[in-house]
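Number of protein chains: 2
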Amino acid sequence: MRQGCQSWVFSSQPVIVSTGTVGGPFEARGALAKDFDLLHEDLWLGQESYEKAEKKMLEQACELALGKAGMKKEELHFFISGDLQNQIIVSGFTARTLAVPYLGLFAACSTSMEGLSLGALLLESKAAENVLVGTSSHNAVLEKQFRYPTEYGAQKPSTAQWTVTGAGAALLKPEGNGPKVTAATIGRVVDMGLSDPFNLGGAMAAAAVDTIEAHFRDFAIDHSAYDLIVTGDLAKVGHEIAADLLVKHGLQIPEEKFKDCGLLIYKEEQPVHAGGSGCGCSAVVTFGHLLNRMRKGELHKILVVATGALFSPLSYQQKESIPCIAHAVVMEM
Amino acid sequence: MRQGCQSWVFSSQPVIVSTGTVGGPFEARGALAKDFDLLHEDLWLGQESYEKAEKKMLEQACELALGKAGMKKEELHFFISGDLQNQIIVSGFTARTLAVPYLGLFAACSTSMEGLSLGALLLESKAAENVLVGTSSHNAVLEKQFRYPTEYGAQKPSTAQWTVTGAGAALLKPEGNGPKVTAATIGRVVDMGLSDPFNLGGAMAAAAVDTIEAHFRDFAIDHSAYDLIVTGDLAKVGHEIAADLLVKHGLQIPEEKFKDCGLLIYKEEQPVHAGGSGCGCSAVVTFGHLLNRMRKGELHKILVVATGALFSPLSYQQKESIPCIAHAVVMEM
């Protein structure tokens, strides 16, 4: 089970039997639109608040994942979820709808892979028959919560990122058809002393590199073990810093196999500043686009390194720097 | 490993080799003062904000637990923690200080037992060599965040609870001396449609009963299996409702063995309304008082059922009801 200092091997190879991905209008015009199961033109999803719209999205992602596996809510065993809304209410309310044993997480934008790691651990240790892992983010909710309400039309620097409106869910079972979760590396908090909430990619880059380095060390491998190594939401600024840091640490990854979900999700011409971010970013790109590519046989073994900035608006106002973390999961087809 | 629908058995019996508990001035005048490792007369702990004071408390609880086990920070393998501050920054900053692989949780006041369950699972499945589990709450931080800044002197109804200023940490190892974690029951979200943040105990009571019922069902036992069954922070109102509901479900627990951390922690004459609450409540009472009683041989087998209200000030303002959850852990000496 344990491998090196920070990693786990799942020798039972839990299978991602189905996934559900839901996006908003910006994602519908993005580069990966065809990989979503459901896209909404209305940022409100017909709800009376953005917060409730996000809840609806996560519920839909869960329904989609369960539906594709032909599974009823009642057959679900465990739900593991987290999000960025204060007190992760999106996950709490979705857990209420699902009405099954629920483990709530907070790992900011690294939630998708913390959840997938723990979900696989539950199956590996036979603590669960099946596990649904979910997470979400909503642009208008999180801009309001972390920066300014979008209605203010506040300007942002080019280092800022665009919060993905999206929800992703993955259903894990001990057996079945689909990509397998074979290993995970749990990250440590890394804090470079940066404190600019308009440059989170820059702050998170070192955490991504720390986890990639730990992963390579724990398994005594290098990038050649993977077809693709994908970070969560470093976007343009963070991705370049991470690439530089990897070179410095003697771990250079060839450009064509080192990608970032925040750079993959939108089109070049979309006004998303440095790129995508949010819990939903790595979730929809991984559970949608990347797993689709695996199912098609285009990718055989990937490492997804979801990155999270563990700050709050209040910690920023109190002049704290931004602690960051990254959790990595190996998926094989 | 799995037992029934919601429970886990830890046959390797991970040991709580040491604990650290820190409290504030109200706790120092409480009924369990002698069970704390460290008590502060200053609610600020010499810090420049209450938020930073809470971080200091959690760091101290972790240091105490590690110190008692004669363990250096560098020997720690995993840290699992959560708290009630937005984006659980107390846990994130403490994880930065510890600099070890970190899993962030959010389970509101049920965090202590979600953390202990997952910590035990990591050891049971040999995913970790040792795990430090932590959580905390701070009265002035959470009154401000969830209700009003304490400086306003806002009046509260008698159903309201008093957030415990306290931090608790427990160090788990595969072997050693101390109480063992032998089983856990992971709760489902239960929502009775209540929406009064000044009566959280009332809202959480049904979740506690749901988990106790699931626990008894999964193990085919009743209260006679335990010396004590202790809920997290139902306080006066919630405790009475829970006791009534248990009778209704045919699961009556004798008064002398059904207790609540929120009722144990303060003295009758302290102006704490219905009783204690907050993530720190079940953590300091369990990791301090209850484990001390086990170590002294006064208790042999207990069930701690930590209760959490999974709402946010915003979900309350948007007229959502309060989803609640409870996670239960069996400890044996």
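Chains X and Z, in that order, are what the protein sequence lines are. Its first residue numbered 595, the first sequence is counted upward by one per residue in my numbering. Its first residue numbered 595, the second sequence is counted upward by one per residue in my numbering. We put the beta carbon where it would ideally sit given N, CA and C, even for glycine. Predicted, not measured: the structure shown is a model, and the values here were computed from it.
Of the residues the options, the one placed nearest residue i, counting alpha carbons only
| i | options | result |
| --- | --- | --- |
| S871 (chain Z) | Z:F813, Z:L845, Z:T753, Z:Q846 | Z:T753 |
| A761 (chain Z) | Z:A802, Z:M786, Z:K851, Z:N733 | Z:N733 |
| E737 (chain X) | X:G624, X:N680, X:V878 | X:N680 |
| L633 (chain X) | X:V611, X:L658, X:V609, X:K646 | X:L658 |
| G686 (chain X) | X:C875, X:E926, X:L717, X:E648 | X:E648 |
| L678 (chain Z) | Z:H817, Z:I859, Z:S906 | Z:S906 |
| R596 (chain Z) | Z:P608, Z:W638, Z:L715, Z:Q654 | Z:L715 |
| R782 (chain Z) | Z:T901, Z:K667, Z:L626, Z:W638 | Z:T901 |
| V616 (chain Z) | Z:A627, Z:G869, Z:T805, Z:A655 | Z:A655 |
| V831 (chain Z) | Z:Q864, Z:A868, Z:V803 | Z:A868 |
| L626 (chain Z) | Z:V898, Z:A920, Z:G891, Z:L885 | Z:L885 |
| R889 (chain Z) | Z:P751, Z:V603, Z:D629 | Z:D629 |
| Y644 (chain Z) | Z:T759, Z:V725, Z:A748, Z:S915 | Z:T759 |
| A689 (chain X) | X:K667, X:F604, X:W602, X:V775 | X:K667 |
| F672 (chain X) | X:V727, X:A763, X:C703 | X:V727 |
| H894 (chain Z) | Z:E621, Z:T880, Z:Y820, Z:D812 | Z:Y820 |
| A877 (chain X) | X:G709, X:V684, X:N724, X:L639 | X:G709 |
| A829 (chain X) | X:F810, X:F792, X:L845 | X:F792 |
| G891 (chain X) | X:Q864, X:E863, X:E926 | X:E926 |
| S601 (chain Z) | Z:D854, Z:S612, Z:H809 | Z:H809 |
| Q749 (chain Z) | Z:G618, Z:S605, Z:P865, Z:G874 | Z:P865 |
Local Cβ density within 10 Å of residue i, reported as buried at 16 or more and exposed below that
| i | result |
| --- | --- |
| V841 (chain Z) | exposed |
| Q912 (chain Z) | exposed |
| N771 (chain Z) | exposed |
| E669 (chain Z) | exposed |
| D631 (chain Z) | buried |
| D636 (chain X) | exposed |
| D838 (chain X) | exposed |
| G614 (chain X) | buried |
| I815 (chain X) | exposed |
| H843 (chain Z) | exposed |
| P917 (chain X) | buried |
| Y746 (chain X) | exposed |
| K861 (chain Z) | exposed |
| P773 (chain Z) | buried |
| K720 (chain X) | exposed |
| Y696 (chain Z) | buried |
| A797 (chain Z) | buried |
| S675 (chain X) | buried |
| E544 (chain Z) | Nothing can be reported for residue 544 (chain Z), as the shown portion of chain Z is limited to 595 through 927. |
| P608 (chain Z) | buried |
Limits of the unbroken alpha helix (DSSP H) element including residue i
| i | result |
| --- | --- |
| L715 (chain Z) | 705 to 718 |
| F620 (chain Z) | 619 to 622 |
| F687 (chain X) | 683 to 692 |
| G874 (chain X) | 873 to 878 |
| S601 (chain Z) | Looking at the DSSP string, S601 (chain Z) is not in any alpha helix (DSSP H); the run it does join, the beta strand (DSSP E), is 601 to 603. |
| Q641 (chain X) | Note, Q641 (chain X): premise wrong, no alpha helix (DSSP H); not H, not E. |
| S909 (chain X) | 907 to 911 |
Opening and closing residue of the beta strand (DSSP E) in which residue i lies
| i | result |
| --- | --- |
| Y696 (chain X) | 696 to 698 |
| L652 (chain Z) | Note, L652 (chain Z): premise wrong, no beta strand (DSSP E); alpha helix (DSSP H) at 644 to 662. |
| M925 (chain X) | 918 to 926 |
| A702 (chain Z) | From DSSP, A702 (chain Z) is part of no beta strand (DSSP E); its letter is neither H nor E. |
| A900 (chain X) | 895 to 903 |
| G891 (chain X) | Unbroken run through G891 (chain X): none, as it is neither H nor E. |
| S730 (chain Z) | 725 to 731 |
| S675 (chain Z) | 672 to 677 |
- Item | beta strand (DSSP E) runs wholly inside the segment 810 to 865 of chain X, at least 3 long, in chain order | 822 to 825, 852 to 854
- Message: For the segment 708 to 722 of chain X, list every residue whose C-beta sits within 8 Å of some C-beta in chain Z, in sequence order.
- Response: Those residues of the segment 708 to 722 of chain X that come within reach of chain Z (Cβ to Cβ, closer than 8 Å) are E708, L712, L715, L716, E718, S719, K720, A721, A722.
- Let me know the beta strand (DSSP E) ranges lying completely inside the segment 760 to 787 of chain Z, each 3 residues or longer, listed in chain order. Along the length of the segment 760 to 787 of chain Z, whole beta strand (DSSP E) runs at least 3 residues long occupy 760 to 767, 774 to 779, reported in chain order.
- Item | Interfacial residues, the segment 596 to 611 of chain Z to chain X, with Cβ spacing under 8 Å | R596, C599, Q600, W602
- Which residues, in order along the segment 791 to 812 of chain Z, keep a beta-carbon less than 9 Å from a beta-carbon of chain X? Within the segment 791 to 812 of chain Z, the residues whose Cβ lies closer than 9 Å to some Cβ of chain X are A808, listed in chain order.
- Message: Please list, in chain order, the residues of the segment 669 to 683 of chain Z that have any C-beta partner in chain X closer than 8 Å.
- Response: H671, F672, G676, L678, Q679, N680, Q681, I682, I683
- Query: For the segment 890 to 914 of chain X, which residues have a CB atom closer than 8 Å to at least one CB atom of chain Z, in sequence order?
  - Reply: L904, F905, S906, P907, L908, S909, Q912, E914
- Could you please tell me which residues of the segment 813 to 837 of chain Z, in chain order, have their CB closer than 9 Å to any CB of chain X? Nothing from the segment 813 to 837 of chain Z brings a Cβ to less than 9 Å from some Cβ of chain X.
- Query: Taking any Cβ of chain X, which residues in the segment 643 to 666 of chain Z have a Cβ under 8 Å from it, in chain order?
  - Reply: S643, E645, K646
- Give, in chain order, every residue of the segment 761 to 794 of chain Z whose Cβ lies closer than 7 Å to some Cβ of chain X. Result list: I780, G781, R782, V783, D785.
- Item | chain Z contacts from the segment 684 to 699 of chain X (Cβ-Cβ distance under 7 Å) | G686, F687, A689, R690, A693, V694, P695, Y696, L697, G698, L699
- Listed from N- to C-terminal order along the chain, which residues in the segment 731 to 758 of chain Z have their beta-carbon within a distance smaller than 8 Å of any beta-carbon of chain X? none
- Item | Residues, ordered as in the chain, of the segment 842 to 872 of chain X that lie near chain Z by beta-carbon distance below 8 Å | none
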